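Comments concern the structure below.
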Amino acid sequence: MSRVDSFLAGNGLPSRAAYQFMRGVCVAVCRLWNRLSIDGRQNVPKNGAFVLAPVHRSFLDTPISACVTRRRLRFMGKDAMWKYRAGGWLLSALGGFPVTRGTADRQALVRCIQVLQSGEPLVVFPEGERKSGPIVQPLFEGAAYVAVKAGVPIVPIGIGGSEHVMPKGSWIIRPRKLHVIVGPPISPVREGMSARTAVRELTAELHSELQRLFDASQARVG
320 MSRVDSFLAG
330 NGLPSRAAYQ
340 FMRGVCVAVC
350 RLWNRLSIDG
360 RQNVPKNGAF
370 VLAPVHRSFL
380 DTPISACVTR
390 RRLRFMGKDA
400 MWKYRAGGWL
410 LSALGGFPVT
420 RGTADRQALV
430 RCIQVLQSGE
440 PLVVFPEGER
450 KSGPIVQPLF
460 EGAAYVAVKA
470 GVPIVPIGIG
480 GSEHVMPKGS
490 WIIRPRKLHV
500 IVGPPISPVR
510 EGMSARTAVR
520 ELTAELHSEL
530 QRLFDASQAR
540 VG
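Residue numbers 320 to 541, in the numbering used here, belong to the letters of the sequence shown in order.
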């Protein structure tokens with residue numbers, strides 16, 4: 320089994336014990352330092368795979384996302400981030416798996432589908448890289464594509480305050496409030512549609528829901 324396949328299968332690191340430990344640290348820091356509050360936990364599926372789709376305004380969005388459920392979440396990252404042992408261990412403990420930089424986007428999507436087919440939840444940021452401001456930017460179709468192909472729901476998440484807690488270019492975590500709202504799961508099923516049309520329709524619905532949740536979560540942090 321290759322190194323990447325091992326990460327996808329969940330063998331070795333990340334171990335579930337390591338993940339739960341790191342998640343506990345993240346939850347404690349966010350609650351104590353940033354007064355994290357979460358609405359809509361009941362919308363996170365208790366069983367089976369799903370795509371967790373948050374807005375993306377800060378490096379903190381991944382650990383913040385882990386706070387919404389005790390289930391282990393998986394996410395992809397550039398394999399260069401695993402270059403150093405300590406950093407690689409941390410990423411793996413947080414549920415990450417490497418994707419080779421420079422490979423086709425399709426290969427990364429296939430690996431994401433493999434994670435979902437194994438029954439594990441996957442974090443995908445539909446906006447791609449970190450953005451700025453109150454407007455949810457046009458979404459990439461990757462989140463909808465893997466959801467349709469794997470036949471799993473998308474769970475949208477609005478994260479209010481993360482851009483102010485740790486803005487792009489900063490390595491300082493500021494003691495400002497965070498509020499997260501988890502929306503109802505969105506079904507990938509689109510009766511009578513081709514897969515391509517279903518992906519496009521699902522992406523449009525996800526964009527609208529993310530904007531609604533982002534507005535509501537931002538309003539809670541002032």
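Just so you know, even glycine gets a beta-carbon here, dropped at the ideal spot from N, CA and C. Just so it is clear, the structure is predicted and the values come from calculations on it, not from any experiment.
Cβ-Cβ distance between residue i and residue j below 9 Å
{"i": "R393", "j": "P364", "result": "no"}
{"i": "N362", "j": "P504", "result": "yes"}
{"i": "V271", "j": "V471", "result": "In the structure as shown, the chain starts at 320 and stops at 541, and residue 271 therefore has no counterpart that could be examined."}
{"i": "V484", "j": "A372", "result": "no"}
{"i": "G477", "j": "L532", "result": "yes"}
{"i": "R391", "j": "Q436", "result": "no"}
{"i": "R342", "j": "S451", "result": "no"}
Alpha-carbon to alpha-carbon, residue j and residue i
{"i": "L379", "j": "S489", "result": "11 Å"}
{"i": "R350", "j": "L409", "result": "21 Å"}
{"i": "A385", "j": "V348", "result": "12 Å"}
{"i": "K397", "j": "R539", "result": "33 Å"}
{"i": "R515", "j": "P494", "result": "44 Å"}
{"i": "E482", "j": "V374", "result": "11 Å"}
{"i": "R354", "j": "Q537", "result": "14 Å"}
{"i": "I492", "j": "E510", "result": "45 Å"}
{"i": "A546", "j": "V418", "result": "Nothing can be reported for residue 546, as the shown portion of the chain is limited to 320 through 541."}
{"i": "G438", "j": "A412", "result": "18 Å"}
{"i": "A463", "j": "A517", "result": "8 Å"}
{"i": "M400", "j": "W352", "result": "27 Å"}
{"i": "V429", "j": "K496", "result": "37 Å"}
{"i": "I432", "j": "S356", "result": "31 Å"}
Secondary structure of residue i, DSSP reduced to three states
{"i": "G311", "result": "Past the boundaries of the shown model lies residue 311; the chain is included only from 320 to 541, so the question cannot be answered."}
{"i": "P333", "result": "Only weak support exists for where P333 lies, its pLDDT of 45 falling under 50; the coordinates are left without a value."}
{"i": "K468", "result": "helix"}
{"i": "L428", "result": "helix"}
{"i": "F394", "result": "strand"}
{"i": "S481", "result": "helix"}
{"i": "A423", "result": "In this predicted model, A423 has a pLDDT of only 49, less than 50, meaning its place in the structure is not dependable; the value taken from the coordinates is given anyway. Looking at A423 - three-state DSSP - the assignment turns out to be coil, as it is neither helix nor strand."}
{"i": "F340", "result": "helix"}
{"i": "L371", "result": "strand"}
{"i": "V434", "result": "helix"}
Limits of the beta strand (DSSP E) - the one that residue i falls within
{"i": "G452", "result": "Run containing G452: none; DSSP gives neither H nor E here."}
{"i": "P417", "result": "G415 to V418"}
{"i": "V499", "result": "H498 to V501"}
Range covered by the alpha helix (DSSP H) that runs through residue i
{"i": "D534", "result": "A514 to V540"}
{"i": "S384", "result": "D380 to A385"}
Per-residue burial, residue i [other beta carbons within 10 Å of its own, 16 or more giving buried]
{"i": "G502", "result": "buried"}
{"i": "P507", "result": "buried"}
{"i": "V344", "result": "exposed"}
{"i": "P475", "result": "buried"}
{"i": "I473", "result": "buried"}
{"i": "R360", "result": "exposed"}
{"i": "F416", "result": "buried"}
{"i": "A368", "result": "buried"}
{"i": "G541", "result": "exposed"}
{"i": "A423", "result": "The predicted position of A423 is uncertain, since its pLDDT is 49 and thus under 50; a value taken from the coordinates is nonetheless stated next. Exposed."}
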